[in-house]
């Protein structure tokens with residue numbers, strides 16, 4: 001179906017074939033990704049942090065205000081993912097193999113993960129941290145370190161689904177160590193692929209943009225992660241069969 005914008009319809013005839021605005025959107029997305037990848041490869045993490053520092057400080061201040069206003073109450077953002085063509089077992093192994101290298105990998109491995117996994121997963125991944133990422137949360141770039149907790153809060157544990165065998169728990173931490181969010185991701189195999197339950201809790205007083213944007217963020221991020229995983233797994237199988 002041809003996309004209409006501002007009550008006009010535009011079509012192109014090119015050497016690549018005919019293209020309506022939906023096709024042009026895909027070309028624009030491809031060019032945008034290429035431009036971002038180029039910029040992120042030229043700007044060091046230190047330079048990027050310097051550029052973003054004012055916004056990082058503003059975000060941290062705002063989040064602490066929300067945390068105080070919330071009085072210990074948290075609100076959940078939830079996304080369910082259904083995918084055919086890759087099992088949860090294979091995906092879980094792929095993702096946590098990659099994320100593990102961001103913590104324990106060599107400097108070269110970490111650069112490779114940043115360039116080929118973390119940055120392509122979402123355009124608003126700005127800096128890969130030792131565990132976590134600087135990404136847009138609530139409309140501002142935010143330092144979101146992912147930390148292991150001795151025990152997740154009861155409201156997180158209450159959401160655990162025993163039908164999902166693969167699980168990941170985490171706290172979300174600001175630069176100064178303030179834990180202000182909690183995550184629970186669950187994965188299970190299905191007859192044709194996988195199902196995933198992605199949960200994140202932000203302070204209840206946070207503006208709605210935190211929750212709406214993260215539903216979109218999860219969807220973009222996991223769509224790209226899944227395509228990366230399938231491509232790499234298929235390439236490995238092809239090499240093993242040759």
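Numbering (UniProt numbering), first residue to last: 1 to 242. All residues carry an ideal CB built from backbone N, CA and C; glycine is no exception.
- Within the segment 89-147, the runs of beta strand (DSSP E) at least 3 residues long that lie entirely inside it are, in chain order, 125-129, 132-137, 140-147.
- Under the three-state reduction of DSSP, residue 215 is assigned to helix.
- Excluding its 5 nearest sequence neighbours in each direction, residue 36 has C-beta neighbours in its own chain below 8 Å: 119, 123, listed in chain order.
- For residue 77, the pairing in a beta bridge is given by DSSP as 200.
- A straight line joining the alpha-carbon of residue 238 with that of residue 166 spans about 26 Å.
- Residue 156 is positioned such that its CB atom lies closer than 7 Å to that of residue 182.
- According to the DSSP assignment, residue 25 belongs to no beta strand (DSSP E) but to the alpha helix (DSSP H) extending over 21-42.
- Residue 54 carries a helical assignment under DSSP once its states are collapsed to helix, strand and coil.
- Under DSSP, residue 167 takes part in a beta bridge, and its partners are 186.
- Where residue 13 is concerned, the enclosing beta strand (DSSP E) starts and stops at 11-14.
- The bridge partners DSSP lists for residue 83 are 194.
- A residue is called buried once 16 or more other Cβ atoms fall within 10 Å of its Cβ, and residue 227, having fewer, is exposed.
- DSSP, reduced to helix, strand and coil, places residue 172 within a strand of the structure shown.
- Residue 18 carries a strand assignment under DSSP once its states are collapsed to helix, strand and coil.
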